[in-house]
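In terms of the numbering used here, the sequence shown opens at residue 2 and continues consecutively.
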Amino acid sequence: MISILTTNVFPGQDHIIMAAKCLSTQTCQDFEWVFLDGHYNKNKDLISSLCNEYKIKRYIHAPLCKAEHIGRRFHWEIYNNALLLASNDLFLRFGVYRWIHPSVIENAVNSYYQNKIFIDLSHQTLDLKSEYLYSDTNCIVEDLHLEPSVTNQSNLMVCSSGMFSYTKSKMLMMNGNDEAAILIVHCEDADLNSRWSNCGHTKNITYNNSMIRFQHHKSTNDIIPLLEGKNTYCCGANNCLIHYPFSFDLDHDPPVQNPKFEYKGFTWIKCDCCGTVAPVNADSYLSHTRNNKITYASVGVDGRVGRDINILNKDINKVNNINEKFNILLESHTNLKYLNNTEL
Numbered sequence: 002m003i004s005i006l007t008t009n010v011f012p013g014q015d016h017i018i019m020a021a022k023c024l025s026t027q028t029c030q031d032f033e034w035v036f037l038d039g040h041y042n043k044n045k046d047l048i049s050s051l052c053n054e055y056k057i058k059r060y061i062h063a064p065l066c067k068a069e070h071i072g073r074r075f076h077w078e079i080y081n082n083a084l085l086l087a088s089n090d091l092f093l094r095f096g097v098y099r100w101i102h103p104s105v106i107e108n109a110v111n112s113y114y115q116n117k118i119f120i121d122l123s124h125q126t127l128d129l130k131s132e133y134l135y136s137d138t139n140c141i142v143e144d145l146h147l148e149p150s151v152t153n154q155s156n157l158m159v160c161s162s163g164m165f166s167y168t169k170s171k172m173l174m175m176n177g178n179d180e181a182a183i184l185i186v187h188c189e190d191a192d193l194n195s196r197w198s199n200c201g202h203t204k205n206i207t208y209n210n211s212m213i214r215f216q217h218h219k220s221t222n223d224i225i226p227l228l229e230g231k232n233t234y235c236c237g238a239n240n241c242l243i244h245y246p247f248s249f250d251l252d253h254d255p256p257v258q259n260p261k262f263e264y265k266g267f268t269w270i271k272c273d274c275c276g277t278v279a280p281v282n283a284d285s286y287l288s289h290t291r292n293n294k295i296t297y298a299s300v301g302v303d304g305r306v307g308r309d310i311n312i313l314n315k316d317i318n319k320v321n322n323i324n325e326k327f328n329i330l331l332e333s334h335t336n337l338k339y340l341n342n343t344e345l
């Protein structure tokens, strides 16, 4: 069995219906769907109805449970939240406004159990037609002509689309996604790949042309609505890190108003008003993670931004009720028990 993790939910419901349709076409139906939703209250009844209609037997639908005291362009910690709620070791990340080939989940399961190899999904980007949202699934499969091909085995995941299979236990070995360091451009991909590349925890194959990523208007400029409720988007002040679109800008011309501090051998900078944190020299930080075999996502960076998800995972596993699990997640962003200083 495998857990399918979905976290990036936008306003509206068409893209959620499409995701449920896509999962219903999979040749392997032995999965649970872990759906963390930035619009949970609006979509609660919809998810229950869709899972019933498309015969998705096992699902977890919960709010994002983000760190509301820290401003973000995107709250990367929600990927760890979905992972911690997953019941299975093997998982596959699957985002909205995407369509995967019907064999993807089956291939992810078989590759892992037979060969201990994970899959990395490359993608095509296409315009989103209205019929893909409202027609039956045959329309999508026939029109898109997905023909997956497999590349050679590698020690590095491209994960440029953010969609890949892996195991919960191996992610815990690395303390999951880095919640503390914001590397500005594709920070999650860059950080995960730099740590994967030299820690010997992964063998993977890339499935080409196995996924469509649809163009849609709810993209970067609409990140704020991803976060239902309290606005935790970066403050937008002139000295905020969000105004530095490339990491090298922080190195050459960092905002002088923001405090710098030393942590684990690196100089960091922190936004005064929203708390977002980044290494001043992103290249040196990534180089360190690529060249040290025991490398963890950083936690406890000035202001207690990131969590030790290993400790958190142990506590979540002690309870069986999903509401109790969620309540532990909810307090974890400020509970000092989970904000220890894990070595980089």
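The C-beta atom is built at its ideal place from N, Cα and C for all residues, glycine as well.
Predicted model, so just to flag it, every value in this text is computed and none were measured.
8 Å Cβ shell around GLU78 - same chain, five flanking residues per side excluded: Counted from its first residue, the sequence shown places residue 78 at position 77. Excluding sequence neighbours, GLU78 sits near LYS67, ALA68, ASN178, GLU180, GLY307, ARG308, HIS334.
Counted within 10 angstroms of its Cβ, other Cβ atoms place VAL97 as buried (16 or more) or exposed: Within the sequence shown, the letter at position 96 stands for residue 97. Under this definition VAL97 is a buried residue.
Beta-carbon gap between ASP31 and HIS62 smaller than 9 Å: Residue 31 sits at position 30 when you count from the first residue of the sequence shown. Residue 62 sits at position 61 when you count from the first residue of the sequence shown. Taking 9 Å as the Cβ cut-off, ASP31 and HIS62 do not qualify as a contacting pair.
Contact under 9 Å by Cβ, LYS169 with ALA87: In the sequence shown, counting from the first residue as 1, residue 169 sits at position 168. In the sequence shown, counting from the first residue as 1, residue 87 sits at position 86. Yes, Cβ-Cβ distance for LYS169 and ALA87 is below 9 Å.
Backbone CA spacing between PHE215 and MET158 [nearest angstrom]: Along the sequence shown, read from residue 1 onward, the residue named residue 215 stands at position 214. Along the sequence shown, read from residue 1 onward, the residue named residue 158 stands at position 157. Near 22 Å, if we compare the C-alpha coordinates of MET158 and PHE215.
Other residues of its chain near ILE329: CB distance less than 8 Å, five sequence neighbours each side excluded: Counting from 1 along the sequence shown, the entry for residue 329 is found at position 328. Counting only Cβ-Cβ distances below 8 Å, and skipping sequence neighbours, we find LEU313, ASP316, ILE317, VAL320.
Best match in VAL10, THR28, THR296, SER104 for proximity to TYR80 [C-alpha to C-alpha]: Translated into positions along the sequence shown, residue 80 becomes position 79. If we check each option's Cα against that of TYR80, VAL10 comes out closest.
Range covered by the beta strand (DSSP E) that runs through TYR264: For the purposes of this step, residue 264 is taken as residue 263 along the sequence shown, with counting starting at 1. Segment 261-264, the beta strand (DSSP E) holding TYR264.
Between the CA atoms of ASN111 and ARG73 - distance to the nearest angstrom: Locating residue 73 in the sequence shown gives position 72, where the first residue counts as 1. Locating residue 111 in the sequence shown gives position 110, where the first residue counts as 1. Cα to Cα, ARG73 sits roughly 37 Å from ASN111.
Beta-bridge pairing of LYS271 - partner residues as DSSP gives them: Against the sequence shown, residue 271 aligns to sequence position 270. Its beta-bridge partners are VAL278.
Beta-carbon gap between ILE101 and GLN14 smaller than 9 Å: Locating residue 101 in the sequence shown gives position 100, counting from the first residue. Locating residue 14 in the sequence shown gives position 13, counting from the first residue. In this structure, GLN14 does not lie closer than 9 Å to ILE101 by Cβ.
LEU340 burial status per 10 Å Cβ neighbour count (16 or more: buried): Your numbering for residue 340 matches position 339 in the sequence shown. Buried is the call here.
Where ASN194 falls, given that 16 or more other Cβ within 10 Å makes a residue buried: The sequence position of residue 194 within the sequence shown is 193, counting from 1. By the neighbour-count rule (16 or more Cβ atoms within 10 Å), ASN194 is buried.
Helix, strand or coil at GLN115 [DSSP, three-state]: The residue labelled residue 115 in the question sits at position 114 within the sequence shown. Helix, per DSSP.
Length-filtered (4 minimum) alpha helix (DSSP H) runs lying within the region 31-112: 41-54, 78-86
According to DSSP, residues forming a beta bridge with LEU127: Taking the first residue of the sequence shown as position 1, residue 127 is located at position 126. Partner(s): PHE215.
Extent of the continuous alpha helix (DSSP H) run through TYR286: Mapped onto the sequence shown, residue 286 falls at position 285. From DSSP, the alpha helix (DSSP H) with TYR286 extends over 283-291.
Reduced DSSP category for TYR297 - H, G, I as helix; E, B as strand; rest coil: Taking the sequence shown and counting its residues from 1, the one referred to as residue 297 is at position 296. Coil at TYR297, not helix or strand.
DSSP three-state assignment for ASN321, whether helix, strand or coil: For the purposes of this step, residue 321 is taken as the residue at position 320 of the sequence shown. ASN321: coil per DSSP, three-state reduction.
Simplified DSSP state of ASP121, which is helix, strand or coil: Numbered from 1 along the sequence shown, position 120 holds the residue referred to as residue 121. Correct three-state label for ASP121: strand.
Contact set for GLN154: own chain, Cβ-Cβ below 8 Å, skip 5 residues either direction: Sequence index remark: in the sequence shown, residue 154 carries index 153 (1-based). Only ILE118, LYS204, ASN205, ILE206 meet the Cβ criterion.
Buried or exposed by the 16-neighbour rule on C-beta atoms within 10 Å, applied to PHE327: Within the sequence shown, numbered from 1, the residue matching residue 327 stands at position 326. Buried, since its Cβ has 16 or more Cβ neighbours within 10 Å.
Buried/exposed call for LEU337, threshold 16 Cβ in 10 Å: For this step, residue 337 is matched to residue 336 along the sequence shown. Exposed is the call here.
Distance, ILE57 Cα to LEU24 Cα: Sequence index remark: in the sequence shown, residue 24 carries index 23 (1-based). Sequence index remark: in the sequence shown, residue 57 carries index 56 (1-based). For LEU24 and ILE57, the distance between alpha carbons rounds to 8 Å.
Cβ-Cβ separation, SER285 to PHE262 (assumed contact under 8 Å), whole Å: For the purposes of this step, residue 262 is taken as the residue at position 261 of the sequence shown. For the purposes of this step, residue 285 is taken as the residue at position 284 of the sequence shown. Rounded, the Cβ-Cβ distance is 16 Å, inconsistent with contact.
Other residues of its chain near ASN209: CB distance less than 7 Å, five sequence neighbours each side excluded: One-based indexing of the sequence shown puts residue 209 at position 208. Here the set comprises SER123, PRO149, SER150, THR152.
Under 9 Å between C-beta atoms of SER166 and ARG94: For the purposes of this step, residue 166 is taken as residue 165 along the sequence shown, with counting starting at 1. For the purposes of this step, residue 94 is taken as residue 93 along the sequence shown, with counting starting at 1. Cβ distance < 9 Å, so SER166 and ARG94 count as in contact.
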